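Participant: Numbering (mature numbering (1 follows the signal peptide of the UniProt record, and there is no 0)), first residue to last: -22 to -1, 1 to 539.
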Amino acid sequence: MAPYATEYLFCWLLATATVVHADGIPWTMPWSDQSYGPDGPWHAVSVNLGSNKQPIDLYPSDRWASVILIDTVCSDDSTPCYARRAGLLDIDASTSAVILNTPTDPSEIQWLSDQSSAGVNNWGGTGYVKEGILADTITLQNGHKVPNVSIAAIYDAYQEYPNGKRYPVSVGTLSLGATKPTHVVDGNIFNLLSAWEHWNDSSSDRIPSYSWGMHIGSVEPDIPGSLILGGVDDTRHLGNLRISLEDIGIGVATGDSPFDFENKSGLFKWGNSVSSRAKRVEIDPTLPYLYLPKETCDTLAAELPVTFNEDLGLYFWNTDESYEKMTSSLAYISFTFEKDATNTQNITIKVPFQLLKLTLQEPLVEHNTTYFPCYPSDSFVLGRAFLQAAFIGTNWQEGIGSGYWFLAQAPGPAIGSGVQQSIGMDDETIKPSANSWEDSWNGYWEPLPSKTSNSNSNPSLSTEAKTETSSSNSGLSTGAKIGIGIGCAADGLVLFGILACLIISRRRRTTNSYPETKDEYSMAPSPAEKANALPVTELYTRSDKGIQEVPGSTTIRHELS
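1) Would you tell me roughly how many angstroms separate the C-alpha atoms of residue 26 and residue 117, rounded to the nearest one?
2) Return the bridge partner residues of residue 41 from the DSSP annotation.
3) Whole angstroms is fine: what's the gap from residue 121's alpha carbon to residue 247's?
4) Buried or exposed: where does residue 609 fall if 16 or more other Cβ atoms within 10 Å of its Cβ makes it buried?
5) Less than 7 Å between C-beta atoms, sequence neighbours within five positions excluded: which residues of the same chain meet that for residue 13?
6) Buried or exposed: which applies to residue 427, given that a residue is buried once 16 or more other Cβ atoms fall within 10 Å of its Cβ?
7) Take every Cβ of the stretch 258 to 278, pair it with every Cβ of the stretch 352 to 360, and state whether three or more of those distances are shorter than 8 Å.
8) Along the chain, where does the beta strand (DSSP E) containing residue 384 start, and where does it finish?
9) Mind checking who residue 108 pairs with in its DSSP beta bridge?
10) Just to confirm, is the Cβ distance from residue 45 to residue 150 under 8 Å?
11) Hey, could you find the ends of the beta strand (DSSP E) residue 192 is sitting in?
12) Keeping to the same chain, check which residues put their C-beta closer than 7 Å to that of residue 70; ignore five residues upstream and five downstream.
13) Could you tell me whether the Cβ atoms of residue 354 and residue 146 are closer together than 8 Å?
14) Residue 344: buried (16+ other C-beta within 10 angstroms of its C-beta) or exposed?
15) So what's residue 255 in DSSP terms, helix, strand or just coil?
16) Pull up the distance between the alpha-carbon of residue -20 and that of residue 255, whole angstroms please.
17) Residue 211 and residue 398 - do their beta-carbons sit closer together than 8 Å?
18) Sort out for me which residues DSSP pairs residue 144 with in a bridge.
19) Quick one: Cα of residue 10 to Cα of residue 23, how far?
20) Rounded to the nearest angstrom, what separates residue 393 and residue 414 at their Cα positions?
21) Looking only at its chain, what residues have a beta carbon closer than 7 Å to the beta carbon of residue 91, apart from the 5 residues adjacent to it on each side?
22) Please state whether DSSP places residue 368 in a helix, a strand or coil.
23) Could you check whether residue 158 and residue 402 sit closer than 8 Å to each other, using their CB atoms as the reference points?
24) So, residue 387 versus residue 199, is the Cβ gap smaller than 8 Å?
25) So within the stretch 274 to 324, which uninterrupted alpha helix (DSSP H) runs reach at least 4 residues, ignoring any that extend past its ends?
26) Ignoring anything shorter than 3 residues or poking outside the stretch 333 to 358, list the beta strand (DSSP E) runs there in chain order.
27) For residue 517, does the count of other Cβ atoms within 10 angstroms reach 16, so buried, or fall short, so exposed?
28) Can you grab the Cα-Cα spacing for the pair residue 450 / residue 244, in whole Å?
29) Under the three-state reduction of DSSP, which class applies to residue 238: helix, strand or coil?
30) Within its chain, find whatever has a CB closer than 6 Å to the CB of residue 101; leave out the 5 residues flanking it on each side and keep chain order.
31) Taking buried to mean at least 16 other C-beta atoms within 10 Å of its own C-beta, is residue 119 buried or exposed?
32) Residue 193 to residue 77, Cα distance in whole Å?
33) With a Cβ-Cβ cutoff of 8 Å, do residue 390 and residue 418 count as a contact?
34) Under the rule that 16 or more other beta-carbon atoms within 10 Å means buried, what is residue 109, buried or exposed?
35) For residue 175, which residues of its own chain have a beta-carbon under 6 Å away from its beta-carbon, when the five flanking residues on both sides are left out?
36) Tell me, please, which residues DSSP counts as bridged to residue 91.
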């Protein structure tokens, strides 16, 4: 097994700067000054689409094809069209649009189920779409034009919640990249955003590597989003990423507890019992909720002032005194992940309850309603609700099927702005920040005064003091927690890292090439295979249907096991 280095610092990530191109400069994607629902509010990034630069806001970071809503989504004038606010693409107005195998009349397009492994689509509930294949130009704020970007064009769509009602959709998604630098569809080579920005020889300021780092932040409290192509913000930390979730708990960073316990673990349940082993989960920025087993959601809800709404399958907050204490204090939900298959080391991401008092809006509800974003599901996906407090990113390296994924604790609103740090093509090392997570929340939460007594309501569950301790098997303190690399199938991600403070892992590099893209981008050959490669696992591609990597077959997503 590969050796791992440890650091004492508190755990979010800074990428080391290794310049690949002499003129390589990371590019910060602009975030919209608007926020979007109806289940957030959420930050979105802004791009211009088409030859006439139509402004559209999108959620990053879908893999392979971007999901773009076409103006036909708003063809029914009898009902409000919420998607118009973020922007819709008028294909007819763009002379650079390339349409493949799509009827000119949207009514002739068949409805398709657009379900991920969570049984949902890009918008939250079970989804249905009329979809076509499209490529068009994306213009970035720096003036760079990325031609023939791969797009799944959505001509109509709706989402369906447990009450059986159909609700309109609101915002599309922006793909940042994939395991290859281009997306081959029916023999056509379409571009991917970060790859073009790295390998485009006509540009004088290419990004340093085929990579990106993102923290989506929060609208309330105000944590601005950060998305950098070719690098990271040095105050933030590093799809679809899959990792083994070992446990979920509730804790308090400092001050007294708003609960009748200080810390409680063992809340990750399915099959009417506490899990004795980790479960594979996806981490997906295109989905809004925490998609977890009903047993887990109910176990969490039992500790919270919430009421389950059967119509939407979500939990509504009862905004009483206990709610105010939970969401203003240093209380959080912790997600503990396995770092490797031996189950000897863990990484924990803490999500303050202050980030979990989200708002439902029209058309899901008639009046704004505060809700807790646990969505009972037979599958396991952590969406934007989780990623408000987590940093993710990837380094696709040479774009031949190998790369690194990164996951780490993200800071709170008091961290301030930082400086861009480059990610080099061969970077494997991520350096931690010297800031503490607690300090990044200073001024935004208030420790509760001490109570006379504080007892545990369930002594069978772990209720250690609120100073977090390491796994009994790991021998690592909180400050020494580290990350790992995990191998993947050849057509998927060969290696990704899950990091808390510092990752130094060995990797196996695939030796096969990708002729269509290697010649086009003049990529350097892969280095020799390294020893001690880690065990193999598989990642899904994001697109389930017509738009997919070629050669290859469509992957129907299912429950992870």
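Glycine included, C-beta positions come from ideal geometry on N, C-alpha and C.
As the structure is a prediction and not an experimental result, all values here were calculated from the model.
Facilitator: Taking the definition as stated:
1) Taking the sequence shown and counting its residues from 1, the one referred to as residue 26 is at position 48. Taking the sequence shown and counting its residues from 1, the one referred to as residue 117 is at position 139. C-alpha separation (whole angstroms): 5 Å.
2) Residue 41 sits at position 63 when you count from the first residue of the sequence shown. Per DSSP, 155.
3) Looking up residue 121 in the sequence shown gives position 143. Looking up residue 247 in the sequence shown gives position 269. The alpha-carbon atoms of residue 121 and residue 247 are separated by roughly 49 Å.
4) Absent from the model: residue 609. The displayed extent of the chain is -22 to 539, so no value can be given.
5) To locate residue 13, count along the sequence shown from 1; it is residue 35. So the list reads 19, 20, 21 and 197, once near-sequence residues are dropped.
6) Stepping through the sequence shown from its first residue, residue 427 is reached at position 449. Exposed is the call here.
7) yes
8) Within the sequence shown, the letter at position 406 stands for residue 384. Here the beta strand (DSSP E) through residue 384 covers 382 to 387.
9) If you number the sequence shown from 1, residue 108 lands on position 130. Beta bridge pairing from DSSP links residue 108 with 134.
10) Residue numbering aside, residue 45 sits at position 67 when the sequence shown is read from its first letter. Residue numbering aside, residue 150 sits at position 172 when the sequence shown is read from its first letter. Yes. Within cutoff.
11) Position 214 of the sequence shown holds residue 192. That run of the beta strand (DSSP E) goes 189 to 193.
12) The sequence position of residue 70 within the sequence shown is 92, counting from 1. Counting only Cβ-Cβ distances below 7 Å, and skipping sequence neighbours, we find nothing.
13) Position 376 of the sequence shown, counting from 1, holds the residue named residue 354. Position 168 of the sequence shown, counting from 1, holds the residue named residue 146. In this structure, residue 354 lies away from residue 146, with their beta-carbon atoms at least 8 Å apart.
14) Indexing the sequence shown from 1 puts residue 344 at position 366. The residue in question, residue 344, is exposed, as its Cβ has fewer than 16 Cβ neighbours within 10 Å.
15) Looking up residue 255 in the sequence shown gives position 277. It is coil, neither helix nor strand.
16) As a first step, residue -20 must be located in the sequence shown, where it is residue number 3. As a first step, residue 255 must be located in the sequence shown, where it is residue number 277. Any reading at residue -20 must be qualified, since the residue scores a pLDDT of 27, below 50, and its modelled position is unreliable; the value itself is stated next. Rounded to the nearest angstrom, the two C-alpha atoms are 24 Å apart.
17) Here residue 398 corresponds to residue number 420 of the sequence shown, with the count starting at 1. Here residue 211 corresponds to residue number 233 of the sequence shown, with the count starting at 1. Cβ atoms of residue 398 and residue 211: closer than 8 Å.
18) Residue mapping note: residue 144 aligns to position 166 of the sequence shown, counting from 1. In the DSSP output, where bridge partners are listed per residue, residue 144 has 138.
19) Locating residue 10 in the sequence shown gives position 32, counting from the first residue. Locating residue 23 in the sequence shown gives position 45, counting from the first residue. About 5 Å.
20) Along the sequence shown, one-based indexing puts residue 393 at 415. Along the sequence shown, one-based indexing puts residue 414 at 436. When rounded, the distance between both Cα atoms is 9 Å.
21) Here residue 91 refers to the residue found at position 113 of the sequence shown. Cβ within range, chain order: 106.
22) Taking the sequence shown and counting its residues from 1, one reaches residue 368 at position 390. Three-state result, residue 368: strand.
23) For this step, residue 402 is matched to residue 424 along the sequence shown. For this step, residue 158 is matched to residue 180 along the sequence shown. Result no, Cβ atoms of residue 402 and residue 158 do not sit closer than 8 Å.
24) Along the sequence shown, read from residue 1 onward, the residue named residue 387 stands at position 409. Along the sequence shown, read from residue 1 onward, the residue named residue 199 stands at position 221. Against a cut-off of 8 Å, the Cβ pair of residue 199 and residue 387 comes out as no contact.
25) 299 to 306
26) 336 to 338, 347 to 350 and 352 to 354
27) Your numbering for residue 517 matches position 539 in the sequence shown. Here the model assigns residue 517 a pLDDT of 27, short of 50, so the residue's position is not dependable, and the following value carries that caveat. Burial call: buried.
28) For this step, residue 450 is matched to residue 472 along the sequence shown. For this step, residue 244 is matched to residue 266 along the sequence shown. Caution is warranted here: a pLDDT of 33 is assigned to residue 450, below 50, making its placement in the model unreliable, and the coordinate value is therefore given only provisionally. If you take the alpha carbons of residue 450 and residue 244, they lie about 15 Å apart.
29) Counted from its first residue, the sequence shown places residue 238 at position 260. In this structure, residue 238 counts as coil in the three-state DSSP scheme.
30) Along the sequence shown, read from residue 1 onward, the residue named residue 101 stands at position 123. Only 137 and 147 meet the Cβ criterion.
31) Within the sequence shown, numbered from 1, the residue matching residue 119 stands at position 141. So residue 119 ends up on the exposed side.
32) For this step, residue 193 is matched to residue 215 along the sequence shown. For this step, residue 77 is matched to residue 99 along the sequence shown. The straight-line gap from Cα to Cα measures roughly 33 Å.
33) On the sequence shown, position 412 is the one that residue 390 refers to. On the sequence shown, position 440 is the one that residue 418 refers to. In contact: residue 390 and residue 418 (Cβ atoms closer than 8 Å).
34) Numbered from its first residue, the sequence shown carries residue 109 at position 131. Residue 109 is buried by the Cβ-count criterion.
35) By one-based count along the sequence shown, residue 175 stands at place 197. For residue 175, where only same-chain residues beyond five positions count, the Cβ hits under 6 Å are 185 and 207.
36) Here residue 91 refers to the residue found at position 113 of the sequence shown. Answer is 106, bridged to residue 91.
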